[in-house]
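**Student:** Last residue of the sequence shown? That's 889 in the UniProt record's numbering, and every number before it is there in order.
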Amino acid sequence: MSTVLKESKNQKFVALIDELISKVGFDRVVAGFVSYILPSSNKEPTNELTTSRSHYSRAWLAAEMLCTWKWHGGSAISSFVPVLRAYATSEKYCPEDGLLDSIATILLDGALVQEPIGESNLYPISCDEVENIEEPFLRALVLLLSSLFRDNVWGKDKATFLFKLLLNKLFVGEAMNLNCLRILPPIMGVLIIPLSIGSSKDVQPDSFGEKELHDTITDWLRRILSFPHLNAWQTGKDMEDWFLLVISCYPISATGVMKELNQERYISSAEKALLLELFRKQRHNAGSLAAVNKLPVVQILLSKLILVAVAYCWKEFVEDDWEFVLYYLRRWTEAAVVTMEEVAENVNDAIINSSTSSDLEVILKKLEHAVLVSNPSPMKLARNALITFSAFRGLVGQNSKGDAENSNPWRTERWELIKDRILEGILRLFFSTGAAEAMASSCSHEASSIIASSRLDQLHFWDLVASSVVESSSNARDKAVKSVEIWGLSKGPISSLYAILFSSKPVPSLQFAAYVILSTAPVSHLAFVRESTCFVDGHTDGNQDSCRIDFSLEENVHLREEIYLMLEKLPYEILEMDLVAPERVNVFLAWALFLSHLLSLPSSSPASERLIQCIQDSANSTVLDCLFQHIPVELFMVPSLRKKELEPPPGVSEAATAATCAITTSSVLFYVESLWPVGPEKMASLAGAIYGLMLRILPAYVRGWFTDIRDRSISSAIESFTKAWCSPPLITNELSQIKKASFADENFSVSVSKAANEVIATYTKDETGMDLVIRLPASYPLRPVEVDCTRTLGISELKQRKWLMSMMSFVRNQNGALAEAIRTWKSNFDKEFEGVEECPICYSFIHTANHSLPRLACKTCKHKFHSACLYKWFSTSHKSTCPLCQSPF
Numbered sequence: 001m002s003t004v005l006k007e008s009k010n011q012k013f014v015a016l017i018d019e020l021i022s023k024v025g026f027d028r029v030v031a032g033f034v035s036y037i038l039p040s041s042n043k044e045p046t047n048e049l050t051t052s053r054s055h056y057s058r059a060w061l062a063a064e065m066l067c068t069w070k071w072h073g074g075s076a077i078s079s080f081v082p083v084l085r086a087y088a089t090s091e092k093y094c095p096e097d098g099l100l101d102s103i104a105t106i107l108l109d110g111a112l113v114q115e116p117i118g119e120s121n122l123y124p125i126s127c128d129e130v131e132n133i134e135e136p137f138l139r140a141l142v143l144l145l146s147s148l149f150r151d152n153v154w155g156k157d158k159a160t161f162l163f164k165l166l167l168n169k170l171f172v173g174e175a176m177n178l179n180c181l182r183i184l185p186p187i188m189g190v191l192i193i194p195l196s197i198g199s200s201k202d203v204q205p206d207s208f209g210e211k212e213l214h215d216t217i218t219d220w221l222r223r224i225l226s227f228p229h230l231n232a233w234q235t236g237k238d239m240e241d242w243f244l245l246v247i248s249c250y251p252i253s254a255t256g257v258m259k260e261l262n263q264e265r266y267i268s269s270a271e272k273a274l275l276l277e278l279f280r281k282q283r284h285n286a287g288s289l290a291a292v293n294k295l296p297v298v299q300i301l302l303s304k305l306i307l308v309a310v311a312y313c314w315k316e317f318v319e320d321d322w323e324f325v326l327y328y329l330r331r332w333t334e335a336a337v338v339t340m341e342e343v344a345e346n347v348n349d350a351i352i353n354s355s356t357s358s359d360l361e362v363i364l365k366k367l368e369h370a371v372l373v374s375n376p377s378p379m380k381l382a383r384n385a386l387i388t389f390s391a392f393r394g395l396v397g398q399n400s401k402g403d404a405e406n407s408n409p410w411r412t413e414r415w416e417l418i419k420d421r422i423l424e425g426i427l428r429l430f431f432s433t434g435a436a437e438a439m440a441s442s443c444s445h446e447a448s449s450i451i452a453s454s455r456l457d458q459l460h461f462w463d464l465v466a467s468s469v470v471e472s473s474s475n476a477r478d479k480a481v482k483s484v485e486i487w488g489l490s491k492g493p494i495s496s497l498y499a500i501l502f503s504s505k506p507v508p509s510l511q512f513a514a515y516v517i518l519s520t521a522p523v524s525h526l527a528f529v530r531e532s533t534c535f536v537d538g539h540t541d542g543n544q545d546s547c548r549i550d551f552s553l554e555e556n557v558h559l560r561e562e563i564y565l566m567l568e569k570l571p572y573e574i575l576e577m578d579l580v581a582p583e584r585v586n587v588f589l590a591w592a593l594f595l596s597h598l599l600s601l602p603s604s605s606p607a608s609e610r611l612i613q614c615i616q617d618s619a620n621s622t623v624l625d626c627l628f629q630h631i632p633v634e635l636f637m638v639p640s641l642r643k644k645e646l647e648p649p650p651g652v653s654e655a656a657t658a659a660t661c662a663i664t665t666s667s668v669l670f671y672v673e674s675l676w677p678v679g680p681e682k683m684a685s686l687a688g689a690i691y692g693l694m695l696r697i698l699p700a701y702v703r704g705w706f707t708d709i710r711d712r713s714i715s716s717a718i719e720s721f722t723k724a725w726c727s728p729p730l731i732t733n734e735l736s737q738i739k740k741a742s743f744a745d746e747n748f749s750v751s752v753s754k755a756a757n758e759v760i761a762t763y764t765k766d767e768t769g770m771d772l773v774i775r776l777p778a779s780y781p782l783r784p785v786e787v788d789c790t791r792t793l794g795i796s797e798l799k800q801r802k803w804l805m806s807m808m809s810f811v812r813n814q815n816g817a818l819a820e821a822i823r824t825w826k827s828n829f830d831k832e833f834e835g836v837e838e839c840p841i842c843y844s845f846i847h848t849a850n851h852s853l854p855r856l857a858c859k860t861c862k863h864k865f866h867s868a869c870l871y872k873w874f875s876t877s878h879k880s881t882c883p884l885c886q887s888p889f
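Here is the structure:
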């Protein structure tokens with residue numbers, strides 16, 4: 001109790017000092033900087049002031065704040081270090097006053113007295129990694145040093161001084177200072193980069209810097225080479241510290257997504273040889289891999305050694321080295337998979353067993369317990385394994401070219417099988433966390449947040465998972481999906497992906513990975529339609545065609561609930577939300593995903609037609625209003641603006657560029673990938689890209705929304721924007737597609753005039769003929785295509801009007817390419833000359849939307865109707881009688 005009270009009082013004191021600094025300034029409260037005007041002895045007036053400055057620094061106060069770490073309303077990382085850094089880089093800072101040196105000395109002395117808890121790190125220390133150090137003085141010292149060296153407040157000279165100081169403290173005579181040894185790894189992890197500045201293979205070591213560093217590290221390497229190999233370790237804390245110290249001398253660049261490991265310092269060939277010898281000592285003495293030493297500390301040290309060896313010695317690796325590395329990468333990944341799948345199963349049990357309980361608090365407590373990982377070692381090992389594996393994939397890609405025989409160890413087929421097995425394990429990690437959130441979200445939003453929040457403590461780990469997921473092969477994805485289906489949880493693989501994509505506490509890298517998996521094979525063809533609407537072929541062979549959706553033209557398509565809520569049931573309240581609200585982001589991602597899927601389907605396929613018809617009939621057009629909240633088209637209204645002089649106004653340029661790019665590339669992937677961190681400009685770009693794709697894939701849907709706009713100024717602004725940045729590439733694409741299309745038929749011909757944006761379709765048959773001119777308006781497709789009859793031969797006025805209306809119906813209602821509409825129109829009249837009976841409702845042989853023939857016949861009058869036309873007739877007339885004879889149908 002006394003310790004808690006002491007901490008509480010200390011935190012209150014530090015919170016008070018923090019507030020005082022914010023009001024008075026760091027220079028006065030901590031640095032003790034005082035500036036005052038001295039009275040001038042000169043009686044004559046002068047414009048110059050005589051000032052005096054005094055310093056009464058309080059290094060102890062700075063050390064106290066750094067050690068306290070967190071307090072009400074602030075923390076060392078977010079509150080204190082920024083003002084300390086600002087002071088240290090300002091004109092008020094005077095290095096001779098020794099404030100920073102005094103703070104470092106206090107913290108170092110404190111760290112030497114108290115034994116640290118935790119591990120060193122392999123990378124330049126980041127805020128997240130510093131927080132994992134539990135000992136207050138050491139944590140504060142590492143944070144201070146990393147901030148000062150990273151911002152170049154201190155340089156190589158100061159790093160050299162501290163390095164010498166620590167070396168002198170490491171040994172007291174012949175005796176080793178164990179406390180110094182224990183704090184040295186994390187400190188050395190910070191000092192090693194500034195100590196290595198200027199070192200390269202082209203520069204000779206200077207009198208102390210590189211030579212002393214090189215000699216010291218090689219001595220440390222030789223010391224741990226004298227230790228038993230890791231697999232034989234049982235005890236020996238000092239051996240662990242020496243191992244960590246050596247590993248901390250080999251920093252690598254650490255980013256969220258790594259395809260290669262960048263060495264942060266140059267090492268000599270002699271040092272590299274010792275490091276490689278240390279690595280191979282573990283390989284040669286591994287013995288039977290089944291008898292691996294499973295002590296957590298041994299596994300952690302081995303994972304770090306493998307990571308460093310791959311980063312610094314990979315060019316010297318032989319095939320046996322890589323086999324050793326990949327064995328452990330797979331082992332550590334699978335151990336993490338077991339941990340995460342156990343979490344998912346615990347969540348599943350908590351939800352299922354509590355489904356009848358009305359006490360939400362009980363369920364939430366069960367979930368909080370379910371996500372707790374009692375043994376963090378598998379996740380730490382998997383993190384190092386993921387970094388190494390990411391680098392391995394990059395190296396394979398870079399070096400796979402070469403001799404296809406046996407001389408090139410990087411031949412892709414040599415490693416493809418084990419690489420896919422590791423990727424399958426990483427995908428299972430990905431699906432496990434998604435399944436857990438999907439199951440929790442079926443309970444409540446609070447339950448979903450518990451699962452999502454558990455990922456925030458290991459962001460680097462999940463960034464690495466996401467990186468490998470994005471790069472995974474179709475084969476690995478297919479196996480991972482099947483394993484989740486066999487698993488038998490209450491939520492399957494598709495629900496897991498949507499849970500990550502629309503997470504209550506999203507992790508950007510995971511969101512993008514979920515988007516990529518949902519939008520590509522072999523998952524995309526299962527990701528949009530409910531299972532009741534699809535037919536799965538029982539003969540699966542692992543490729544995309546093994547599972548097909550059978551779209552019946554007589555049935556409506558039902559979207560999966562996750563995407564249905566975003567596309568068809570979009571609430572109008574979204575228009576009142578902030579422009580970067582998570583709900584808006586999710587809606588944009590859903591539409592980008594759906595449009596990308598439509599683009600992947602053949603335009604005339606039943607799947608594409610039924611999905612488009614589903615959107616046409618059911619989708620909420622609120623999304624288009626939402627898009628134009630991000631595109632300030634009112635700025636676009638400039639009188640007498642000509643296209644060749646046109647430059648998008650500020651605020652519109654991002655959306656204009658994105659819309660044009662999405663149309664020409666048929667993709668929004670770039671704008672989805674670059675969406676994070678979410679901001680107004682990036683949302684505007686994605687909005688423009690989505691609008692561009694909508695115009696290309698769903699022109700009738702957009703035109704229907706545009707026609708319903710009542711405010712003429714808004715519709716005029718939208719039309720001007722579309723006309724300038726969307727219509728030109730759309731028109732060019734349409735005319736090019738028509739020109740490339742094959743209408744090979746002696747009765748039918750098509751000519752294209754790009755200058756006039758016209759298409760002339762000529763149909764002749766037995767002494768009869770007709771020329772139809774299709775004109776694309778400048779603001780296509782917002783304005784409908786115009787169709788005129790310019791020449792007829794032997795056709796009655798009734799039939800001429802019927803043919804003209806038929807062509808207008810096809811080109812205006814078509815939600816795909818005009819070339820397809822023209823081809824369908826031609827087929828329609830081929831059917832007439834073949835004697836096929838037209839539908840009495842739409843006066844067409846081929847339905848304009850689903851391309852079906854009239855099949856449903858009235859038993860009384862025998863006329864045949866399109867099923868879609870008849871369904872619409874029944875719905876609007878509110879009776880089920882034949883449209884012609886009125887007999888019950």
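Don't be surprised by glycine CBs; every beta carbon is placed ideally from N, CA and C.
State the DSSP-derived secondary structure class of Glu91, mapped to helix, strand or coil.
**Tutor:** Here residue 91 refers to the residue found at position 91 when the sequence shown is read from its first residue. Three-state DSSP puts Glu91 in coil, outside helix and strand.
**Student:** Thinking C-beta only, is Cys869 closer than 8 Å to Cys882?
**Tutor:** Numbered from its first residue, the sequence shown carries residue 882 at position 882. Numbered from its first residue, the sequence shown carries residue 869 at position 869. Contact flag unset, no.
**Student:** Which residue from Gly492, Glu609 and Ile574 puts its Cα closest to that of Glu562?
**Tutor:** Within the sequence shown, residue 562 is the residue found at index 562, counting from 1. The shortest Cα separation from Glu562 among Gly492, Glu609 and Ile574 belongs to Gly492.
**Student:** In the region 97-179, which residue ranges form an unbroken beta strand (DSSP E) of at least 3 residues, counting only runs that do not cross its ends?
**Tutor:** none
**Student:** Are the region 336-351 and the region 389-398 in contact at 8 Å, needing three or more beta carbon pairs?
**Tutor:** no
**Student:** Rounding to the nearest angstrom, what Cα-Cα distance links Gly74 and Val81 in this structure?
**Tutor:** As a working note, residue 74 is residue 74 in the sequence shown. As a working note, residue 81 is residue 81 in the sequence shown. Answer to the nearest angstrom: the Cα atoms are 11 Å apart.
**Student:** Which of helix, strand or coil does DSSP assign to Val752?
**Tutor:** As a first step, residue 752 is located in the sequence shown; it is residue number 752 there, counting from the start. It is a strand residue.
**Student:** State the start and end residues of the unbroken alpha helix (DSSP H) segment that holds Val469.
**Tutor:** Here residue 469 refers to the residue found at position 469 when the sequence shown is read from its first residue. First-last of the alpha helix (DSSP H) with Val469: Leu459 to Glu471.
**Student:** With a threshold of 8 Å, are at least 3 pairs of Cβ atoms found where one atom belongs to the region 334-342 and the other to the region 360-367?
**Tutor:** no
**Student:** For Val373, I'd like the list of residues in its chain whose CB is within less than 8 Å of its CB, leaving aside the five on either flank, ordered along the chain.
**Tutor:** By one-based count along the sequence shown, residue 373 stands at place 373. Excluding positions up to five away in sequence, the list reads Thr339, Val343 and Met379.
**Student:** When we look at the beta-carbon of Tyr691 and count the other beta-carbons within 10 Å, is it buried (16 or more) or exposed?
**Tutor:** By 1-based counting over the sequence shown, the position of residue 691 is 691. Buried: at least 16 other Cβ atoms inside 10 Å.
**Student:** For Cys249 and Ile17, what's the separation of their Cα atoms in angstroms?
**Tutor:** Translated into the one-based positions of the sequence shown, residue 249 becomes position 249. Translated into the one-based positions of the sequence shown, residue 17 becomes position 17. Their Cα atoms are separated by approximately 37 Å.
**Student:** With C-beta atoms as the reference, is Phe389 less than 8 Å away from Ser468?
**Tutor:** Residue numbering aside, residue 389 sits at position 389 when the sequence shown is read from its first letter. Residue numbering aside, residue 468 sits at position 468 when the sequence shown is read from its first letter. Yes, Cβ-Cβ distance for Phe389 and Ser468 is below 8 Å.
**Student:** Pull up the distance between the alpha-carbon of Ser196 and that of Glu212, whole angstroms please.
**Tutor:** Taking the sequence shown and counting its residues from 1, one reaches residue 196 at position 196. Taking the sequence shown and counting its residues from 1, one reaches residue 212 at position 212. Their backbone Cα atoms lie some 11 Å apart in a straight line.
**Student:** So, with DSSP's three-state summary, where would you put Leu360?
**Tutor:** Locating residue 360 in the sequence shown gives position 360, where the first residue counts as 1. DSSP places Leu360 in helix when its eight states are reduced to three.
**Student:** Please tell me whether, using a cut-off of 7 Å, the distance from the CB of Ala15 to the nearest non-hydrogen atom of the ligand GTP is below it.
**Tutor:** With respect to the ligand GTP, the structure shown offers nothing to examine, as it has no ligands at all.
**Student:** Can the beta-carbon of Cys67 be found less than 8 Å from the beta-carbon of Ala140?
**Tutor:** Walking along the sequence shown from the start, residue 67 turns up at place 67. Walking along the sequence shown from the start, residue 140 turns up at place 140. Taking 8 Å as the Cβ cut-off, Cys67 and Ala140 qualify as a contacting pair.
**Student:** Mind checking Lys569: buried by the 16 CB within 10 Å criterion, or exposed?
**Tutor:** Translated into the one-based positions of the sequence shown, residue 569 becomes position 569. It counts as exposed.
**Student:** Along the alpha helix (DSSP H) that carries Thr660, what are the first and last residues, could you check?
**Tutor:** As a first step, residue 660 must be located in the sequence shown, where it is residue number 660. Thr660 -> alpha helix (DSSP H) spans Ser653 to Thr665.
**Student:** Check whether the region 476-494 and the region 512-525 are in contact - that is, three or more C-beta pairs closer than 8 Å.
**Tutor:** yes
**Student:** Assuming the contact rule is C-beta atoms closer than 8 Å, Ile103 and Ala76 should be a hit. Round their C-beta distance to whole Å, please.
**Tutor:** Working through the sequence shown from its first residue, we reach residue 103 at position 103. Working through the sequence shown from its first residue, we reach residue 76 at position 76. With 8 Å as the limit, Ile103 and Ala76 do not qualify as a contact, their Cβ atoms being about 12 Å apart.
**Student:** How big is the Cα-Cα spacing for Ser827 and Ile846?
**Tutor:** Against the sequence shown, residue 827 aligns to sequence position 827. Against the sequence shown, residue 846 aligns to sequence position 846. Computed Cα separation, rounded: 8 Å.
**Student:** Which residues in the same chain have their Cβ closer than 7 Å to the Cβ of Leu329, if we skip the five residues on either side of it in sequence?
**Tutor:** Here residue 329 is taken as the residue at index 329 of the sequence shown, counted from 1. Around Leu329: Ala385, Thr388, Phe389 and Ile422.
**Student:** Compute the Euclidean distance between the alpha carbons of Ala687 and Val752, then round it to the nearest angstrom.
**Tutor:** Mapped onto the sequence shown, residue 687 falls at position 687. Mapped onto the sequence shown, residue 752 falls at position 752. So the alpha carbons of these two residues sit roughly 32 Å apart.
**Student:** Can you look up residue 892 in the DSSP assignment and give me helix, strand or coil?
**Tutor:** Lying before the first or after the last residue shown, residue 892 is absent from the chain, which here runs from 1 to 889.
**Student:** Residue range of the alpha helix (DSSP H) that Val516 falls in?
**Tutor:** Here residue 516 is taken as the residue at index 516 of the sequence shown, counted from 1. Pro508 to Ser519 is the extent of the alpha helix (DSSP H) around Val516.
**Student:** Does the beta-carbon distance from Leu245 to Leu178 come in below 8 Å?
**Tutor:** Translated into the one-based positions of the sequence shown, residue 245 becomes position 245. Translated into the one-based positions of the sequence shown, residue 178 becomes position 178. Not a contact, by the Cβ cut-off of 8 Å.
**Student:** In the DSSP assignment, what are the bridge partners of Gly74?
**Tutor:** Against the sequence shown, residue 74 aligns to sequence position 74. In DSSP, Gly74 forms a bridge with Trp71.
**Student:** Distance, Cα to Cα, Glu135 vs Trp322?
**Tutor:** Within the sequence shown, the letter at position 135 stands for residue 135. Within the sequence shown, the letter at position 322 stands for residue 322. When rounded, the distance between both Cα atoms is 37 Å.
**Student:** List the DSSP bridge partners of Arg775.
**Tutor:** Residue numbering aside, residue 775 sits at position 775 when the sequence shown is read from its first letter. Looking at the DSSP output, Arg775 bridges to Glu758 and Glu786.
**Student:** May I ask you to report which of helix, strand or coil DSSP gives Ile252?
**Tutor:** Translated into positions along the sequence shown, residue 252 becomes position 252. DSSP places Ile252 in strand when its eight states are reduced to three.
**Student:** Using a 10 Å radius around the Cβ and a threshold of 16 neighbouring Cβ atoms, would you call Ala175 buried or exposed?
**Tutor:** The residue labelled residue 175 in the question sits at position 175 within the sequence shown. Burial call: exposed.
**Student:** I'd like the list of long-range same chain contacts for Thr89, defined as Cβ closer than 8 Å, with 5 residues on each side in sequence excluded.
**Tutor:** Here residue 89 is taken as the residue at index 89 of the sequence shown, counted from 1. Only Asp151 and Val153 meet the Cβ criterion.
**Student:** May I ask you to report which of helix, strand or coil DSSP gives Ala480?
**Tutor:** The count along the sequence shown starts at 1 and reaches residue 480 at position 480. Per DSSP, reduced to three states, the secondary structure at Ala480 is helical.
**Student:** If you draw a straight line from the alpha carbon of Phe889 to that of Leu856, how long is it in whole angstroms?
**Tutor:** Here residue 889 is taken as the residue at index 889 of the sequence shown, counted from 1. Here residue 856 is taken as the residue at index 856 of the sequence shown, counted from 1. Cα-Cα distance, rounded: 10 Å.
**Student:** Is it right to say Ala755 is buried, meaning 16 or more other beta carbons lie within 10 angstroms of its own, or is it exposed?
**Tutor:** For the purposes of this step, residue 755 is identified with residue 755 of the sequence shown, where counting begins at 1. Under this definition Ala755 is an exposed residue.
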